[in-house]
Amino acid sequence: MRRAGVPVAFSQGFTPHPKISYASAAPTGVASEAEYLEVGLREPVDPAALRAALDAALSPGLDVLDVVVASGGGLADRIEASHWRIELPEVDPAVLAAAVATFTAADEVMVERMTKQGRRTFDARGAVITIDVSGPPVTPSVAPAVPCAILELVVRQVTPSVRPDDVLSGLRVVAGLEPPVAPKVIRLAQGTLTAQGAIVDPLDADRDGATIGGR
Amino acid sequence: MSVPSTTPRPVAANSVWPQLESLLPQVTKPIQYVGGELGAVVKDWDAATVRWALMYPDAYEVGLPNQGVQILYEVLNELPDVLAERTYAVWPDLEKLMRAHGVPQFTVDAHRPVRDFDLFGVSFATELGYTNLLTAIDLAGVPLLAADRTDADPVIVAGGHAAFNPEPIADFVDAAVLGDGEEAVLEITAIVREWKAEGCPGGRDELLLRLARTESVYVPRFYDVDYLPDGRIQRVVPNRADVPFRVHKRTTMDLDAWPYPKKPLVPLAETVHERYAVEIFRGCTRGCRFCQAGMITRPVRERSITTVGQMVQQGLEFSGFHEVGLLSLSSADHSEIGDMCSGLAEQYQGTNVSLSLPSTRVDAFNIDLAQELSRNGRRTGLTFAPEGGSERIRKVINKMVSKDDLIRTVVTAYTNGWRQVKLYFMCGLPTETDEDVLEIAAMAHEVIKAGRAATGSKDIRCTVSIGGFVPKPHTPFQWASMERPEVIDHRLKLLKQAINADRSLGRAIGYRYHDGEPSLIEGLLSRGDRRVGAVIRRVWENGGRFDGWSEHFSYQRWVDAATEVLPAFGVDLDWYTTREREELEVLPWDHLDSGLDKDWLWQDWQDSLSEYEQDDCRWTPCFDCGVCPAMDTEIQIGPTGRKLLPLTPVNGLKLPAGAQQ
Numbered sequence: 004m005r006r007a008g009v010p011v012a013f014s015q016g017f018t019p020h021p022k023i024s025y026a027s028a029a030p031t032g033v034a035s036e037a038e039y040l041e042v043g044l045r046e047p048v049d050p051a052a053l054r055a056a057l058d059a060a061l062s063p064g065l066d067v068l069d070v071v072v073a074s075g076g077g078l079a080d081r082i083e084a085s086h087w088r089i090e091l092p093e094v095d096p097a098v099l100a101a102a103v104a105t106f107t108a109a110d111e112v113m114v115e116r117m118t119k120q121g122r123r124t125f126d127a128r129g130a131v132i133t134i135d136v137s138g139p140p141v142t143p144s145v146a147p148a149v150p151c152a153i154l155e156l157v158v159r160q161v162t163p164s165v166r167p168d169d170v171l172s173g174l175r176v177v178a179g180l181e182p183p184v185a186p187k188v189i190r191l192a193q194g195t196l197t198a199q200g201a202i203v204d205p206l207d208a209d210r211d212g213a214t215i216g217g218r
Numbered sequence: 013m014s015v016p017s018t019t020p021r022p023v024a025a026n027s028v029w030p031q032l033e034s035l036l037p038q039v040t041k042p043i044q045y046v047g048g049e050l051g052a053v054v055k056d057w058d059a060a061t062v063r064w065a066l067m068y069p070d071a072y073e074v075g076l077p078n079q080g081v082q083i084l085y086e087v088l089n090e091l092p093d094v095l096a097e098r099t100y101a102v103w104p105d106l107e108k109l110m111r112a113h114g115v116p117q118f119t120v121d122a123h124r125p126v127r128d129f130d131l132f133g134v135s136f137a138t139e140l141g142y143t144n145l146l147t148a149i150d151l152a153g154v155p156l157l158a159a160d161r162t163d164a165d166p167v168i169v170a171g172g173h174a175a176f177n178p179e180p181i182a183d184f185v186d187a188a189v190l191g192d193g194e195e196a197v198l199e200i201t202a203i204v205r206e207w208k209a210e211g212c213p214g215g216r217d218e219l220l221l222r223l224a225r226t227e228s229v230y231v232p233r234f235y236d237v238d239y240l241p242d243g244r245i246q247r248v249v250p251n252r253a254d255v256p257f258r259v260h261k262r263t264t265m266d267l268d269a270w271p272y273p274k275k276p277l278v279p280l281a282e283t284v285h286e287r288y289a290v291e292i293f294r295g296c297t298r299g300c301r302f303c304q305a306g307m308i309t310r311p312v313r314e315r316s317i318t319t320v321g322q323m324v325q326q327g328l329e330f331s332g333f334h335e336v337g338l339l340s341l342s343s344a345d346h347s348e349i350g351d352m353c354s355g356l357a358e359q360y361q362g363t364n365v366s367l368s369l370p371s372t373r374v375d376a377f378n379i380d381l382a383q384e385l386s387r388n389g390r391r392t393g394l395t396f397a398p399e400g401g402s403e404r405i406r407k408v409i410n411k412m413v414s415k416d417d418l419i420r421t422v423v424t425a426y427t428n429g430w431r432q433v434k435l436y437f438m439c440g441l442p443t444e445t446d447e448d449v450l451e452i453a454a455m456a457h458e459v460i461k462a463g464r465a466a467t468g469s470k471d472i473r474c475t476v477s478i479g480g481f482v483p484k485p486h487t488p489f490q491w492a493s494m495e496r497p498e499v500i501d502h503r504l505k506l507l508k509q510a511i512n513a514d515r516s517l518g519r520a521i522g523y524r525y526h527d528g529e530p531s532l533i534e535g536l537l538s539r540g541d542r543r544v545g546a547v548i549r550r551v552w553e554n555g556g557r558f559d560g561w562s563e564h565f566s567y568q569r570w571v572d573a574a575t576e577v578l579p580a581f582g583v584d585l586d587w588y589t590t591r592e593r594e595e596l597e598v599l600p601w602d603h604l605d606s607g608l609d610k611d612w613l614w615q616d617w618q619d620s621l622s623e624y625e626q627d628d629c630r631w632t633p634c635f636d637c638g639v640c641p642a643m644d645t646e647i648q649i650g651p652t653g654r655k656l657l658p659l660t661p662v663n664g665l666k667l668p669a670g671a672q673q
């Protein structure tokens, strides 16, 4: 923010803090295409200029894609669910599909994870809205040398949060699935959830508002 | 919405990233291994003629802020045909995985294997990094012993303060550089460039010989050490023609000509210092007898107030840091420190930028300085270092600070809004008695009493922090005996009781100390000779890693290794540590020239024992320590009478050139 010259607002008090809040950050070691944050400013700035300045100030690979003026309401309230893609190298898609079927059939799947408060046990099934298996794109002429199963996951934002690794733990609990290689996880989207289970860009509401107000 | 093109980081051809990436989810703080910091440089491998891997042999969080490495990294990368990347010590969890999966020691910039580089430069601020050096060499796939290396291996060069006695690691490094690195790395680079352009004639041996002939690069293999029957060194002599009898330290004069770092590294991971640090001067002639840094970095060379101002402006703009550290061995001694602090405080008023002086002498701190440092509302920590508890011991160590000075200074800090002050002392100093250490308690009590009286408040505290004394090469205490750890620990216990003897005052005093055992091992390593290399190797083979970290350090492991290895040489741990040396003993580093005249050092050691104080040559006549004539250098100090250049305030968003909005 300082490198980009952003007029960030600070909290009052003896040790003022910049008004920046992150909504639902991805866990360590997980890639993400959709992270959101909210910044309080001292004065209005052009959102497009802010995007360009912040993007230029950040390290390669950390890209600022869009900036909108908040039209009211907290960002956190609009993050209801996340879409994750989990690549499982050396896992047969059929094996994964069977494990997913067992997982889906269960009412609850209790898993354990170390948290800052110590070891916690919680249900990893309830928060899962959709869980689908897909294989890598296979062209008829070239079969993939190493099988790789892909899991598409939409998970509701709950407390304690259910993360992709919790769902993988759940698959181990119900079906003994043990990926031989560390899985690669990427968050593709987060936002509000429609009745059909689709995720809507949380900034859409502001974008519509800005369009109406601006034109 | 216009989606900007995202540019993924290119993966270098010799990158180990594909193998490393899958290991990272299994280790703690993986972000320390990914690189990508602001200020990091990734160059085309094939376009570079000379390639350096630079290492700070500790964890990333400690190593990244290191000034020395950052300066050399930038100086080298500014050359078009030179490439420099950084590597740090990996934690044991990753080390284990790297061994299991065959991933070699890598640089964080482009994740290239260290073995692919021409040169592997390692900066030692402390001897406790030696075991981490062995881990890095071994993980790199390079033979541990310099003698076993081939033309396919990088030349391993040690630098930093510990390189003033590299004998304990002489078997493991190919070369060592004494003194300032800026010009030394350029000279070494030029020699390697030329040798490669000629088609590497004579291989590794010829390259090392060319380095040795500069008389400022020490190549241990070209020197033989002979021992007397009683274990002492008889002599150290070159075993090749053309190799100098003594190797001299490098001194960079005119710091204004070397304004680095210009583009400080800004880490994504958390590190121990997050600030823009600018060295305001190098060298110190206060003459504290325990202080190796002050002895080996002479003479004092100030950076001018105008250069400091420009560096701060550019450094903050580039990095976005909001703390400025004005570094040196005794920052308040800069001839224009007052104008510098008030000028910077003025320029950054209302911007949340704070100033800190990490090393402040009690007698050079004053009200004006206190006010400038606290002007932006945020008070960074204040630490004063009387070092010795009694007036007598302070004369022995030549720390000419009186108790009255200390009380007055600390009270100044309290009345200017500081609620907490840290006082640093040493235990185990030459001639020290229990009484000398117990006076620390009396001093801390008086500080609190005076502070309460001056502020009318009980809400003030001080922390007494005790470090163990370690005699260092090239200091007047290089001949001194160390105290046994049991004696140190007993004194520390007595001190604790004395501090808490008055419960009201004791509650306002924090007490931090290190026990005596690690200091004894530091003493072994700092004054060791080539035979100590076998101890380091044994400790490393038995799992020794990260010896600077109390949770990883094992005293027993060092004692056991010393007991196993040293008797074959007719010496032992005590021989290196608690034994006092005689005037005529050949010391392991006598052939390494710091500029200090050995006769002067001996005289200063005798003066210490008779409690005679030595003045500072910046303000009193030269006392012939020998450095300036030997090194052809001179004191460079102001005042210049110049002022900070006015800042041109830049407001608003900083848009990249040609940005599409």
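Protein chains in written order, with this note's numbering: chain F, 4 to 218; chain S, 13 to 673. All C-beta atoms in this analysis are idealised placements derived from N, C-alpha and C, irrespective of residue type, glycine included. Just so it is clear, the structure is predicted and the values come from calculations on it, not from any experiment.
**Item:** For C474 (chain S), three-class secondary structure by DSSP
**Value:** On the second sequence, position 462 is the one that residue 474 (chain S) refers to. If DSSP states are grouped into helix, strand and coil, C474 (chain S) belongs with the strands.
Considering only DSSP beta bridges, list what A96 (chain S) is partnered with.
On the second sequence, position 84 is the one that residue 96 (chain S) refers to. For A96 (chain S), which the question treats as bridged, DSSP gives the partners S:W64.
inquiry  = In whole angstroms, give me the CA-to-CA distance for V248 (chain S) and C640 (chain S).
reply    = The residue given as residue 248 (chain S) occupies position 236 in the second sequence. The residue given as residue 640 (chain S) occupies position 628 in the second sequence. Their backbone Cα atoms lie some 25 Å apart in a straight line.
Original post:
Just reading off the beta strand (DSSP E) that A170 (chain S) is part of, what are its end residues?
Top reply: On the second sequence, position 158 is the one that residue 170 (chain S) refers to. Segment V167 to G171, the beta strand (DSSP E) holding A170 (chain S).
Chain S contact residues for V177 (chain F), given Cβ-Cβ distances below 7 Å:
For this step, residue 177 (chain F) is matched to residue 174 along the first sequence. Within chain S, no residue comes near V177 (chain F); the closest Cβ sits about 22 Å away, beyond 7 Å.
> By Cβ distance, which residues of its chain are closer than 7 Å to D616 (chain S), with the 5 residues on each side in sequence left out?
Replying inline: Start at 1 with the first residue of the second sequence, and residue 616 (chain S) comes out as number 604. R301, P488 and Q626, listed in sequence order.
Residues that DSSP places opposite K434 (chain S) in a beta bridge:
Mapped onto the second sequence, residue 434 (chain S) falls at position 422. DSSP lists S:T395 and S:T475 as partners of K434 (chain S).
Checklist entry - Residue range of the beta strand (DSSP E) that K187 (chain F) falls in? => result The residue given as residue 187 (chain F) occupies position 184 in the first sequence. Counting along the chain, the beta strand (DSSP E) containing K187 (chain F) begins and ends at K187 to L196.
Exercise for the section: Check T424 (chain S) in the structure and name its three-state DSSP category. Expected result: Indexing the second sequence from 1 puts residue 424 (chain S) at position 412. Residue state, collapsed to three classes: helix.
### Beta-carbon proximity check, P69 (chain S) vs G171 (chain S), cutoff 9 Å
As a working note, residue 69 (chain S) is residue 57 in the second sequence. As a working note, residue 171 (chain S) is residue 159 in the second sequence. Against a cut-off of 9 Å, the Cβ pair of G171 (chain S) and P69 (chain S) comes out as no contact.
Note to self: Residues of chain F with CB closer than 7 Å to the CB of L665 (chain S), please, in chain order.
What the structure shows: Position 653 of the second sequence holds residue 665 (chain S). Under the 7 Å cutoff, chain F gives A7, G8, V9, V48, A52, L53 and A56.
Start and end residues, beta strand (DSSP E) containing M87 (chain F): The sequence position of residue 87 (chain F) within the first sequence is 84, counting from 1. First, the residue type needs correcting, since residue 87 (chain F) is Trp and not Met in the sequence shown. A84 to P92 is the span of the beta strand (DSSP E), which, as asked, contains W87 (chain F).
Original post:
What is the DSSP secondary structure of H564 (chain S), counted as helix, strand or coil?
Top reply: Working through the second sequence from its first residue, we reach residue 564 (chain S) at position 552. Three-state DSSP puts H564 (chain S) in coil, outside helix and strand.
- Put H260 (chain S) into one of helix, strand or coil per three-state DSSP. Taking the second sequence and counting its residues from 1, one reaches residue 260 (chain S) at position 248. Strand.
Closest by CA to G121 (chain F), which one among F:P163, F:Y25 and F:A51? By 1-based counting over the first sequence, the position of residue 121 (chain F) is 118. The shortest Cα separation from G121 (chain F) among F:P163, F:Y25 and F:A51 belongs to F:P163.
Roughly how far, in whole angstroms, is the beta-carbon of L267 (chain S) from the beta-carbon of W552 (chain S), given that I think they are within contact range, below 8 Å? Residue 267 (chain S) sits at position 255 when you count from the first residue of the second sequence. Residue 552 (chain S) sits at position 540 when you count from the first residue of the second sequence. Actually they do not touch by this definition, with Cβ atoms about 37 Å apart.
Notebook entry, point to check: Is P143 (chain F) helix, strand or coil when you go by DSSP?
Noted result: By 1-based counting over the first sequence, the position of residue 143 (chain F) is 140. The predicted model places P143 (chain F) with a pLDDT of 45, which falls under 50 and marks its position as unreliable, so this point remains unresolved.
Notebook entry, point to check: Using a beta-carbon distance below 9 Å, is E529 (chain S) in contact with chain B?
Noted result: No chain B appears in the structure shown, which is made up of the protein chains F and S.
**Report entry** Under 8 Å by beta carbon: chain S residues contacting A259 (chain F)
**Finding:** The structure shown does not extend to residue 259 (chain F), since chain F is modelled only from 4 to 218, so the question has no answer here.
Ends of the beta strand (DSSP E) at G522 (chain S)?
Start at 1 with the first residue of the second sequence, and residue 522 (chain S) comes out as number 510. Element bounds for G522 (chain S): I521 to Y525.
For the beta strand (DSSP E) containing E335 (chain S), list its first residue and its last residue.
The residue given as residue 335 (chain S) occupies position 323 in the second sequence. Run containing E335 (chain S): E335 to L339, per the beta strand (DSSP E) assignment.
When the Cα of R298 (chain S) is compared with those of S:H285, S:V374, S:V102 and S:I317, which residue comes out closest? Along the second sequence, read from residue 1 onward, the residue named residue 298 (chain S) stands at position 286. Considering only alpha carbons, the answer is S:V374.
query = chain S beta carbons: is any one of them nearer than 9 Å to that of M4 (chain F)?
reply = Walking along the first sequence from the start, residue 4 (chain F) turns up at place 1. Answer yes: the Cβ-Cβ gap between M4 (chain F) and chain S drops below 9 Å somewhere.
Beta bridge counterpart(s) of S164 (chain F) as assigned by DSSP: Residue numbering aside, residue 164 (chain F) sits at position 161 when the first sequence is read from its first letter. S164 (chain F) is not bridged to any residue.
| said: In whole angstroms, give me the CA-to-CA distance for K22 (chain F) and I134 (chain F). | reply: Within the first sequence, residue 22 (chain F) is the residue found at index 19, counting from 1. Within the first sequence, residue 134 (chain F) is the residue found at index 131, counting from 1. When rounded, the distance between both Cα atoms is 36 Å.
field: At least three beta-carbon pairs within less than 8 Å, the region 452-463 of chain S to the region 547-564 of chain S
entry: no
* In chain F, which residues lie less than 7 Å from G332 (chain S) when you measure between Cβ atoms? -> Reading the second sequence from its first residue, position 320 is the one you call residue 332 (chain S). Simply R5 and R6.
Original post:
So is N26 (chain S) buried or exposed if we call it buried at 16+ other beta carbons inside 10 Å?
Top reply: Within the second sequence, residue 26 (chain S) is the residue found at index 14, counting from 1. With fewer than 16 other Cβ atoms within 10 Å, it is exposed.
Whose C-alpha, out of S:A520, S:L240 and S:L88, is nearest the C-alpha of L198 (chain S)? As a working mapping, residue 198 (chain S) is identified with position 186 in the second sequence. Nearest option by C-alpha distance: S:L88.
- Task: Within the same chain, show all residues whose beta-carbon is closer than 6 Å to that of L338 (chain S), passing over the 5 residues directly before and after it, in chain order.
- Result: Here residue 338 (chain S) corresponds to residue number 326 of the second sequence, with the count starting at 1. I292 and L369, listed in sequence order.
Is the beta carbon of K434 (chain S) closer than 9 Å to that of L385 (chain S)? Here residue 385 (chain S) is taken as the residue at index 373 of the second sequence, counted from 1. Here residue 434 (chain S) is taken as the residue at index 422 of the second sequence, counted from 1. Not closer than 9 Å, so no.
For S62 (chain F), would you say it is in contact with chain S, using Cβ-to-Cβ distances shorter than 9 Å as the test?
Taking the first sequence and counting its residues from 1, the one referred to as residue 62 (chain F) is at position 59. So yes, S62 (chain F) belongs to the interface.
Check the Cβ of A130 (chain F) against every Cβ in chain S and list those closer than 8 Å, keeping chain order. Residue 130 (chain F) sits at position 127 when you count from the first residue of the first sequence. Neighbours of A130 (chain F) on chain S: none; closest Cβ ~22 Å, over 8 Å.
- Message: Once DSSP output is grouped into helix, strand and coil, what is the label at P30 (chain S)?
- Response: Looking up residue 30 (chain S) in the second sequence gives position 18. Here P30 (chain S) sits in helix by DSSP.
Use the C-beta contact count for G16 (chain F): other C-beta atoms within 10 angstroms, 16 or more gives buried, fewer gives exposed. Position 13 of the first sequence, counting from 1, holds the residue named residue 16 (chain F). With fewer than 16 Cβ atoms within 10 Å of its Cβ, G16 (chain F) is classed as exposed.
Interface flag, N89 (chain S) vs chain F, CB-CB below 9 Å:
Stepping through the second sequence from its first residue, residue 89 (chain S) is reached at position 77. By this cut-off, N89 (chain S) is not an interface position.
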